[in-house]
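To keep things clear, I will list the structure first and then write my remarks on it.
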Amino acid sequence: MGAEFPEDPTTKVASDRRGVAVPAVDLVVVLGPSRGKRVAVSGGAATIGTAQANTLVLEDPRISRLHCELRVRPGALTLRDRGSTNGTFVEGLRVRDVDLAAGTIVSVGASAFRVEVGTEPAFVPVSDRASLGELVGGSFEMRRVYSVIERVAGTEATVLLQGETGTGKDMVARTLHQLSRRAGGPFIPIDCGSIPASLFESELFGHVRGSFSGAVSDRRGVFDEADGGTLFLDEIGEIPMELQPKLLRAIETRTVRPVGHNTAHETDIRIIAATNRPLWKAVNDGAFREDLYYRLAVIELGLPPLRARRDDILPLALHFFRQHGRDDAELPPSLAAAVVARDWPGNVRELKNFIERSVALGFADSPPRRPSAPPSPPAAGVAELVPLDLPLKEARQAWTVSFESVYAAHVLRRANGNVTRAAEYAGVSRRFLQRLLARLGISASESADAEE
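So for the sequence shown, the working numbering puts the first residue at 654; every next one is plus one.
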């Protein structure tokens, strides 16, 4: 489905910056209540849905608020479903992530739009850097990230970072802080996924003595600790639904009211949030407030997985290798061959851990010696389901995804593709199973015909 585009995209745009030539794209609605509507894709990306903040807003009750997105890159137009309820279709096939040709018609709900590519190119700004702050890599994907960081670091705009586990969201947040006017102030990170639900409000806003059982003294929240600096809310998707209105109010007014206190006070902070799961999916499912999402996503920056920037694998490996050895050391050929041969599902974090472990075990200095008593290998098939090189938390997440895929396919086969009967076998609601299948990209009809 891919279209042909020029191979060399780098073009001089102005004397003080460079841009990358990408296809000039318009989205034209050809079916549905919004038929005839046309919008131009700017900045290399467009979102489609019923929410007013989308690039292409469609008035169709069968379309999700954040339905799908189009990414324009040198040589490719990529369409990605954003966890919609009713799906995104190209040529009658439901798609999650697909490269499109010019003129392709995309069906969503009871509507459809055509992707039109112009003859004159558009330009997307990219940085000339091969590294920035703690970030390393000179691929097109990373230079595009650097360009966004360079443009927004000096502003007060709230930034939402989205990307898989291990893609470096915390490093991007620290780099944004270091390049900002707040660099002299505190950088306070908080992992929202590790806080008990009952303590969320106190952790964020603080509390006064006696406000609840166990509150034996006054305590400042992270909003106050970050005063004059940057507050990094990692795993923002784990914020309980009942606390989201209070967080929204705090972000909008830059005021907080500690638990048990009668008045609110101002705080001078910049918010950077991050999540490793599609936050728009949580919005579509009703698990995350749409207004809070858009308040956080004033600047939305997606971080590419390592498999999408393979040109950066060797430079990253050399960077981590030198961190654990001499500054002028070179990557041994055996180690270089090992890192380029792997897929790195745990992304940059997994690569970093692998290099550190390899240096510690002497992999880099000499060929590995056969141990006198080798450890027992994992059971057959386990290594394919669980990336054993990942830390425990990431490995558990990967195992969960693999388990869900295997289990969902099994109950569908058992039910001969009948989703209602499969849901009964699984002990869940039909709606829950439908959403699980959509998230995993499993087709009921395909599973019924699949072999064990």
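All C-beta atoms in this analysis are idealised placements derived from N, C-alpha and C, irrespective of residue type, glycine included.
Ends of the beta strand (DSSP E) at Phe766?
Here residue 766 refers to the residue found at position 113 of the sequence shown. Note, Phe766: beta strand (DSSP E), Ser764 to Val770.
With the cut-off set at 8 Å, would you say Gly819 and Ala1091 are in Cβ contact?
By 1-based counting over the sequence shown, the position of residue 819 is 166. By 1-based counting over the sequence shown, the position of residue 1091 is 438. For Gly819 and Ala1091, no; Cβs fall outside 8 Å.
Looking only at its own chain, which residues have a Cβ that is under 6 Å from the Cβ of Ala806, when we skip the five neighbours before and after it?
Position 153 of the sequence shown, counting from 1, holds the residue named residue 806. So the list reads Leu829, Leu832 and Ser833, once near-sequence residues are dropped.
List the endpoints of the continuous beta strand (DSSP E) containing Leu684.
Here residue 684 is taken as the residue at index 31 of the sequence shown, counted from 1. Val678 to Leu684 is the span of the beta strand (DSSP E), which, as asked, contains Leu684.
Output the distance between the C-alpha atoms of Thr663 and Ala693, rounded to the nearest integer angstrom.
Taking the first residue of the sequence shown as position 1, residue 663 is located at position 10. Taking the first residue of the sequence shown as position 1, residue 693 is located at position 40. Note that Thr663 has pLDDT 35, beneath the 50 cutoff, so the model's placement of it is unreliable and the number below is only indicative. Approximately 22 Å, taken between the alpha carbons.
From what residue to what residue does the alpha helix (DSSP H) around Gln976 run?
By 1-based counting over the sequence shown, the position of residue 976 is 323. Run containing Gln976: Ile966 to Gln976, per the alpha helix (DSSP H) assignment.
Could you name each continuous alpha helix (DSSP H) segment of 4 residues or more that falls completely within the segment 883-925, going from the start of the chain to the end?
897-906
Quick check: what's the CA-CA separation for Leu1004 versus Val1081?
For the purposes of this step, residue 1004 is taken as the residue at position 351 of the sequence shown. For the purposes of this step, residue 1081 is taken as the residue at position 428 of the sequence shown. Cα-Cα distance, rounded: 38 Å.
Could you check if Glu712 is buried or exposed, using at least 16 other CB atoms within 10 Å of its CB as the buried criterion?
Reading the sequence shown from its first residue, position 59 is the one you call residue 712. Glu712 should be labelled exposed.
How many angstroms separate the CA atom of Trp1052 from the CA atom of Tyr1060?
Taking the first residue of the sequence shown as 1, we reach residue 1052 at position 399. Taking the first residue of the sequence shown as 1, we reach residue 1060 at position 407. When rounded, the distance between both Cα atoms is 12 Å.
For Met795, tell me which candidate among Ala704, Gly736 and Pro958 has the shortest Cα-Cα distance.
Your numbering for residue 795 matches position 142 in the sequence shown. Checking every option, the nearest Cα to that of Met795 belongs to Pro958.
With distances taken between CB atoms, is the gap from Thr811 to Ile922 smaller than 8 Å?
Taking the sequence shown and counting its residues from 1, the one referred to as residue 811 is at position 158. Taking the sequence shown and counting its residues from 1, the one referred to as residue 922 is at position 269. For Thr811 and Ile922, no; Cβs fall outside 8 Å.
Going by DSSP, what residue range makes up the alpha helix (DSSP H) through Ala1013?
In the sequence shown, counting from the first residue as 1, residue 1013 sits at position 360. From DSSP, the alpha helix (DSSP H) with Ala1013 extends over Asn1000 to Ala1013.
Taking the C-alpha atoms as reference points, what is the distance between Pro1020 and Leu1065?
Within the sequence shown, residue 1020 is the residue found at index 367, counting from 1. Within the sequence shown, residue 1065 is the residue found at index 412, counting from 1. Caution applies to Pro1020, whose pLDDT of 40 falls short of 50 and renders its modelled position unreliable; the model cannot decide the point.
Cα separation between Pro727 and Phe1007?
Stepping through the sequence shown from its first residue, residue 727 is reached at position 74. Stepping through the sequence shown from its first residue, residue 1007 is reached at position 354. Each residue's Cα considered, the two are about 32 Å apart.
Return helix, strand or coil for Phe1056, following the three-state DSSP convention.
In the sequence shown, the residue the question calls residue 1056 occupies position 403. Reduced to three states, the DSSP call for Phe1056 is helix.
In chain order, which beta strand (DSSP E) runs of at least 3 residues are fully inside the segment 682-710?
691-693 and 698-702
Helix, strand or coil for Glu629? Go by DSSP, reduced to three states.
The displayed coordinates of the chain run from 654 to 1105. Any statement about residue 629 would go beyond what the structure contains.
Less than 8 Å between the C-beta atoms of Ile848 and Leu886, yes or no?
Sequence index remark: in the sequence shown, residue 848 carries index 195 (1-based). Sequence index remark: in the sequence shown, residue 886 carries index 233 (1-based). Against a cut-off of 8 Å, the Cβ pair of Leu886 and Ile848 comes out as no contact.
What residue does the beta strand (DSSP E) around Arg724 start on, and which one ends it?
As a first step, residue 724 is located in the sequence shown; it is residue number 71 there, counting from the start. In the DSSP assignment, Arg724 falls within the beta strand (DSSP E) that extends over Cys721 to Arg726.
What does DSSP give as the partner residues of Asp844 in its beta bridges?
Taking the sequence shown and counting its residues from 1, the one referred to as residue 844 is at position 191. Beta-bridge pairing by DSSP links Asp844 to Asp887.
Excluding the 5 residues flanking Gly1106 on each side, which residues of the same chain have their C-beta closer than 6 Å to its C-beta?
Since the first residue shown for the chain is 654 and the last is 1105, residue 1106 is missing from the structure and cannot be characterised.
So Val681 packs on Glu773, CB below 8 Å; how close in whole Å?
Within the sequence shown, the letter at position 28 stands for residue 681. Within the sequence shown, the letter at position 120 stands for residue 773. Val681 to Glu773, Cβ: 17 Å. No contact.
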